[in-house]
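Numbering (my numbering), first residue to last: 106 to 244.
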Amino acid sequence: MKTSRLIFSLFLLPLMMVSCKKDGEIDRELNAKENQLVGTWNATSVVRQLLDANGEVQDEQTITDIDVTFVFKANGKVIDNEGFEGTFRVENDRIIISYEDDDDYIYDIVSLTATEAVVLFEFDGPMGRTKDRYTLVKQ
């Protein structure tokens, strides 16, 4: 009996060691687009479109006085200007930000260079379906 417990414990020890990681580490390597995002990005403008039930634009406004910042870190973490922390990944030209205890926020990438990004974010707001087109510049 003691021998079987010892063998079982020896089997589990390497598994426990592999699953341990330091705070701030992620379980995967960042892909090329994720690496391109690493850094601080500030929104310079947002074009907000209010959509009808068919997805047609009913109203549009450009907002240039906005305070939106994302800090994407090399460890796969992201912090926004309000101090909320989460993780990010890029899949199929979409930036997916996951905050703890919240839904994923999905930003469709329109364009991404080393210094500028344009992304779309669609959501249900108080005025109905809304599509925001953010222009972000890297500091």
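Quick reminder that beta carbons are idealized off the backbone N, C-alpha and C, glycines included.
Check: Measure the alpha-carbon distance for ALA137 versus THR235 and round it to whole angstroms.; Outcome: 30 Å
Check: If you draw a straight line from the C-alpha of GLN163 to the C-alpha of ASN197, how long is it?; Outcome: 29 Å
Check: CB-CB under 6 Å to ASP157, same chain, minus the five flanking residues each way: which ones, in chain order?; Outcome: GLN163
Check: Using the C-alpha atoms, what's the distance from TYR210 back to THR174?; Outcome: 15 Å
Check: Would you give the residue range spanned by the beta strand (DSSP E) that ALA148 belongs to?; Outcome: 144-156
Check: Can you have a look at GLU139 and say buried or exposed, based on whether 16 or more other CB atoms are within 10 angstroms of its CB?; Outcome: buried
Check: On a Cα-Cα basis, can you pick out the residue from TRP146, GLU134 and ARG153 that is closest to GLU227?; Outcome: ARG153
Check: Are there 16 or more other CB atoms within 10 angstroms of the CB of GLY181, so buried, or fewer, so exposed?; Outcome: buried
Check: Is VAL242 near ASN147, with beta carbons less than 7 Å apart?; Outcome: yes
Check: In three-state terms, what does DSSP make of GLY129?; Outcome: Reliability fails at GLY129, whose pLDDT of 48 lies under 50, so the model's placement of it is uncertain and the value that follows must be treated cautiously. The answer is coil: DSSP assigns GLY129 none of H, G, I, E or B.
Check: Using CA coordinates, which residue listed in LEU225, ILE168 and GLU161 is at the minimum distance from THR149?; Outcome: ILE168
Check: What is the residue span of the beta strand (DSSP E) that THR174 lies within?; Outcome: 174-177
Check: The beta strand (DSSP E) spanning ILE184 covers which residue range?; Outcome: 182-185
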